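Before any comments, here is the structure.
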Amino acid sequence: MLRLEKRPQPSRLWTYLTPVLAVVLTMLCGGLLFSFLGKDPVLAIRTIFWEPLFSEFAFYYRPQLLVKGAPLVLIAIGLSLGFKAGIWNIGAEGQYIIGALCGAGVALAFYPMEAAFIFPLMVLAGGLGGWAWAMIPAFLKVRFGTNEILVSLMLVYVAEQLLASMSLGLLKNPQGFGFPGSRNLQQYPSAHNAELIAGTGMHWGVVAALIAVIFAYVLLNRHMQGFYIRLTGDAPRAARFAGVSPTRLVLFCLGVSGALAGLAGLFEVAGPSGVVSIDFNAGYGFTAIIVAFLGRLHPVGILMAGGLMALTYVGGDIAQSKLGLPKAAIQLFQGMLLFFLLAVDLTTNYRIRLRRKEAS
Numbered sequence: 011m012l013r014l015e016k017r018p019q020p021s022r023l024w025t026y027l028t029p030v031l032a033v034v035l036t037m038l039c040g041g042l043l044f045s046f047l048g049k050d051p052v053l054a055i056r057t058i059f060w061e062p063l064f065s066e067f068a069f070y071y072r073p074q075l076l077v078k079g080a081p082l083v084l085i086a087i088g089l090s091l092g093f094k095a096g097i098w099n100i101g102a103e104g105q106y107i108i109g110a111l112c113g114a115g116v117a118l119a120f121y122p123m124e125a126a127f128i129f130p131l132m133v134l135a136g137g138l139g140g141w142a143w144a145m146i147p148a149f150l151k152v153r154f155g156t157n158e159i160l161v162s163l164m165l166v167y168v169a170e171q172l173l174a175s176m177s178l179g180l181l182k183n184p185q186g187f188g189f190p191g192s193r194n195l196q197q198y199p200s201a202h203n204a205e206l207i208a209g210t211g212m213h214w215g216v217v218a219a220l221i222a223v224i225f226a227y228v229l230l231n232r233h234m235q236g237f238y239i240r241l242t243g244d245a246p247r248a249a250r251f252a253g254v255s256p257t258r259l260v261l262f263c264l265g266v267s268g269a270l271a272g273l274a275g276l277f278e279v280a281g282p283s284g285v286v287s288i289d290f291n292a293g294y295g296f297t298a299i300i301v302a303f304l305g306r307l308h309p310v311g312i313l314m315a316g317g318l319m320a321l322t323y324v325g326g327d328i329a330q331s332k333l334g335l336p337k338a339a340i341q342l343f344q345g346m347l348l349f350f351l352l353a354v355d356l357t358t359n360y361r362i363r364l365r366r367k368e369a370s
């Protein structure tokens, strides 16, 4: 009979092994899933993880890894700060949408003017939009003690309705022959988040993601605010005795995560997506939660986890087109990562012991 035995201290070895084991279990169970769908499981897994990197068309797929990975890393970095402090922002998808709407709104307000200040103003608007949306659950939590998980999550659906409304109304392309959606920002040079190096996928969103990784690392390891974040997550009572202000911490963590999610939305709508449309949001805000935990809430780990998740996005698209796998199967495969990570993470704090049944 199996039983759990509490460890005196969390296992440092299992802290680093659990993400690897979660990926292996995901591959095994994902292979079973693909076989139930009538596909060759080995070929499916190989297509997802090998084709984007080493196939004959890898020169085309590799830039997409940066395009897909940048918003995931940017959002996950912001979420990880709050998660470390026990502040749970589950509504990054909504902040991502609002950031995109605010940034695109600035661009379309100046259309067709050509000026160097437009894109920086869009970046500012995108960050402020995401920050303002995150301040709603932050204010309600510090003022009325509401649950930030529920409030931030419910605001995602409000943001989705705003997205649909803007696509059909205020931001609708007047020359779009009645179709929903805004003008294409890729055709507006002053508002286009173009590649910095042609053919690489490197745009300002990728640069912002790398800066966010460095910022988070320095904050958590070299700044007093980072110490407060770690202390609050590890020992809330000790944090209170140390004089940490819960109100300031909530406002800081939710504000930073909202701003980074808003920036991710802005860089996406001004670059790879190009338009504000009803189906603009691609679930990056929710997938970033998986990335944050897969990276162990560590900035460098999140960078690597974002690359892995981007690989499943790009490889999943290839598997859909080549093998005929349904999109839902790819999404389930991605969700397995978080499921197995949370399941295996139990071994970090507990030992699994075999207890013999006592004789009666």
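Just so you know, we're using our numbering here: the sequence shown kicks off at 11 and counts up by one. Where is the CB? At the ideal position from N, CA and C, for every residue including glycine. Please read all numbers here as calculations on a predicted model, not as lab measurements.
Helix, strand or coil for Lys49? Go by DSSP, reduced to three states.
DSSP places Lys49 in coil when its eight states are reduced to three.
Name, in chain order, the residues that DSSP records as bridge partners for Ile362.
The partner list for Ile362 (beta bridge, DSSP) reads Leu14.
Determine the DSSP secondary structure at Trp60, reduced to helix, strand or coil.
Residue state, collapsed to three classes: coil.
From this set, Trp98, Ala274 and Ser21, which residue's C-alpha is nearest Thr156's C-alpha?
The shortest C-alpha separation from Thr156 is found at Trp98.
Would His213 and Gly139 qualify as a contact pair, given that the criterion is a beta-carbon distance under 7 Å?
Not closer than 7 Å, so no.
Please identify the residue among Asp327, Val254 and Leu76 whose C-alpha is closest to the C-alpha of Ala95.
Comparing Cα positions, the closest option is Val254.
Of the residues Phe59, Leu82 and Met176, which one's Cα is nearest the Cα of Thr297?
That would be Leu82, whose Cα lies nearest to the Cα of Thr297.
With a threshold of 6 Å on Cβ separation, who are the neighbours of Ile328 within its own chain once the five nearest residues in sequence on each side are excluded?
Once the five neighbours on either side are set aside, the close Cβ partners of Ile328 are Thr57 and Glu61.
Which of the three DSSP states, helix, strand or coil, is assigned to Gln330?
Three-state DSSP puts Gln330 in a helix.
Straight-line CA distance for Leu163 to Gln341?
If I take the Cα positions, the gap works out to 20 Å.
Spatial neighbours of Gly211 within its chain, please: CB distance less than 8 Å, with the 5 preceding and 5 following residues excluded, ordered by chain position.
Contacts found: Arg72, Pro73, Gln74, Leu75, Leu76, Val77 and Glu205.
Is it buried or exposed, Arg193, if we count other Cβ atoms within 10 angstroms and call 16 or more buried?
By the 10 Å Cβ count, Arg193 comes out buried.
Indicate the three-state DSSP secondary structure (helix, strand or coil) for Asn231 in the structure shown.
The answer is helix: DSSP assigns Asn231 an H, G or I state.
Alpha carbon to alpha carbon, how far is Val260 from Met314?
Taking the straight line joining both Cα atoms gives about 27 Å.
Looking only at its own chain, which residues have a Cβ that is under 6 Å from the Cβ of Ile288, when we skip the five neighbours before and after it?
These residues qualify, in order along the chain: Ala174, Ser177 and Pro190.
Which whole-angstrom value describes the C-beta separation of Leu335 and Leu35, a residue pair presumed to lie in contact below a C-beta threshold of 8 Å?
Not really, about 19 Å apart at Cβ, beyond 8 Å.
Quick check on the burial criterion: 16 or more other C-beta atoms within 10 angstroms. Buried or exposed for Arg365?
By the neighbour-count rule (16 or more Cβ atoms within 10 Å), Arg365 is not buried but exposed.
Does the distance from the C-beta atom of Tyr70 to that of Gly295 stay below 7 Å?
The answer is no: Cβ separation not under 7 Å.
How about the region 100–120 and the region 130–138: do they share at least three Cβ pairs that are nearer than 8 Å?
Verdict: yes, contact present.
Nearest by alpha-carbon distance to Val168: which of Gly179, Gln185, Trp143 and Pro184 is it?
Checking every option, the nearest Cα to that of Val168 belongs to Trp143.
Quick check: Arg17 and Arg363, are their CB atoms within less than 7 Å of each other?
Not closer than 7 Å, so no.
Quick one: using the 10 Å Cβ neighbour count with 16 as the cut-off for buried, is Tyr238 buried or exposed?
Result: buried.
For Leu89 and Leu38, I'd like the C-alpha separation in whole angstroms.
Cα to Cα, the separation comes out at about 29 Å.
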